[in-house]
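Undergrad:
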Amino acid sequence: MSLQATVTEKPFDANMSRHAPNAERVPILEEHKVLCPEEIELKRQEEELELVNELRNSLEWFETVSHGHLSDSAREHSLTAHSLRGQFKILRRPLKFFNQKKTKCIIILHLGDHLCGNNGIHNGLLATLLDEHLAFVSLPSLPNYTGFTANLNVDYIQPVNPNQWISIHGKLDRIEGRKAYAEAWIQTIDGVRTTEANSLYISPRT
1 MSLQATVTEK PFDANMSRHA PNAERVPILE EHKVLCPEEI ELKRQEEELE LVNELRNSLE
61 WFETVSHGHL SDSAREHSLT AHSLRGQFKI LRRPLKFFNQ KKTKCIIILH LGDHLCGNNG
121 IHNGLLATLL DEHLAFVSLP SLPNYTGFTA NLNVDYIQPV NPNQWISIHG KLDRIEGRKA
181 YAEAWIQTID GVRTTEANSL YISPRT
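Going by the UniProt record's numbering, the first residue of the sequence shown is number 1, and it counts up by one from there.
Written out as structure tokens, the structure reads:
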């Protein structure tokens with residue numbers, strides 16, 4: 001007797017065309033119509049963060065929907081947009097801000113205590129967050145707004161404790177043809193750097 005799968009998965013669409021440059025101000029709606037008590041508390045904390053209010057009141061920065069560049073199927077298959085979301089993990093949707101040309105990006109998020117390694121938040125997760133962030137500031141300036149990580153260097157300065165807000169900052173250094181060089185770093189909400197990275201992204205030949 002043969003066993004057949006009873007669940008039909010949706011086709012995976014990794015279309016990256018939504019990484020086009022030039023940020024736009026868009027309405028930011030709540031991700032969920034009904035928030036659990038834990039997320040209500042995180043929302044309250046989020047609205048009181050000085051960095052959040054500075055960015056929202058700035059003419060230089062534009063708030064956008066975190067992972068809004070992903071198609072529905074890509075989001076369902078995403079590690080950070082789907083698999084790592086939920087209580088004790090990344091419960092509240094991260095806040096995401098670009099400058100006008102998308103050469104700089106700041107993300108603010110809360111990391112729960114089910115994302116840990118031996119000493120604080122797992123270093124692999126920190127590297128993943130930085131790699132993703134470096135893509136945000138690299139791809140909009142590359143041909144066809146797409147590319148892949150050719151090189152990623154990460155320096156771990158000090159552990160990141162769970163159950164706290166952090167911010168991730170990134171900026172594009174330069175473009176050389178199909179190559180984009182960028183840097184990013186993670187810091188506590190008080191401005192203490194914990195992790196730094198630099199990368200090389202390459203756009204495929206067409």
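Every residue, glycine too, gets a C-beta built ideally from N, C-alpha and C. All values reported here derive from a predicted model rather than from experimental measurement.
I'd like the span of the alpha helix (DSSP H) that includes Gly147, first residue to last.
TA: Note, Gly147: premise wrong, no alpha helix (DSSP H); not H, not E.
Undergrad: Is it buried or exposed, Ser141, if we count other Cβ atoms within 10 angstroms and call 16 or more buried?
TA: The residue is buried, with at least 16 neighbouring Cβ atoms inside 10 Å.
Undergrad: At the level of alpha carbons, what is the spacing between Lys102 and Ile166?
TA: Looking at the two C-alpha atoms, the distance is approximately 21 Å.
Undergrad: Could you pull the start and end residues of the alpha helix (DSSP H) that Asn123 belongs to?
TA: Element bounds for Asn123: 123-138.
Undergrad: Rounded to whole angstroms, what is the Cα-Cα separation between Gln158 and Leu59?
TA: One C-alpha to the other measures close to 33 Å.
Undergrad: Exposed or buried, which one is Thr206 when buried takes at least 16 other CB atoms within 10 Å?
TA: Exposed: under 16 other Cβ atoms inside 10 Å.
Undergrad: Would you tell me roughly how many angstroms separate the C-alpha atoms of Ala127 and Val154, rounded to the nearest one?
TA: If you take the alpha carbons of Ala127 and Val154, they lie about 7 Å apart.
Undergrad: Can the beta-carbon of Gly170 be found closer than 7 Å to that of Val192?
TA: It is not a contact, given that the beta carbons lie outside the stated cut-off.
Undergrad: What is the residue span of the alpha helix (DSSP H) that Leu79 lies within?
TA: Element bounds for Leu79: n/a, residue is neither H nor E.
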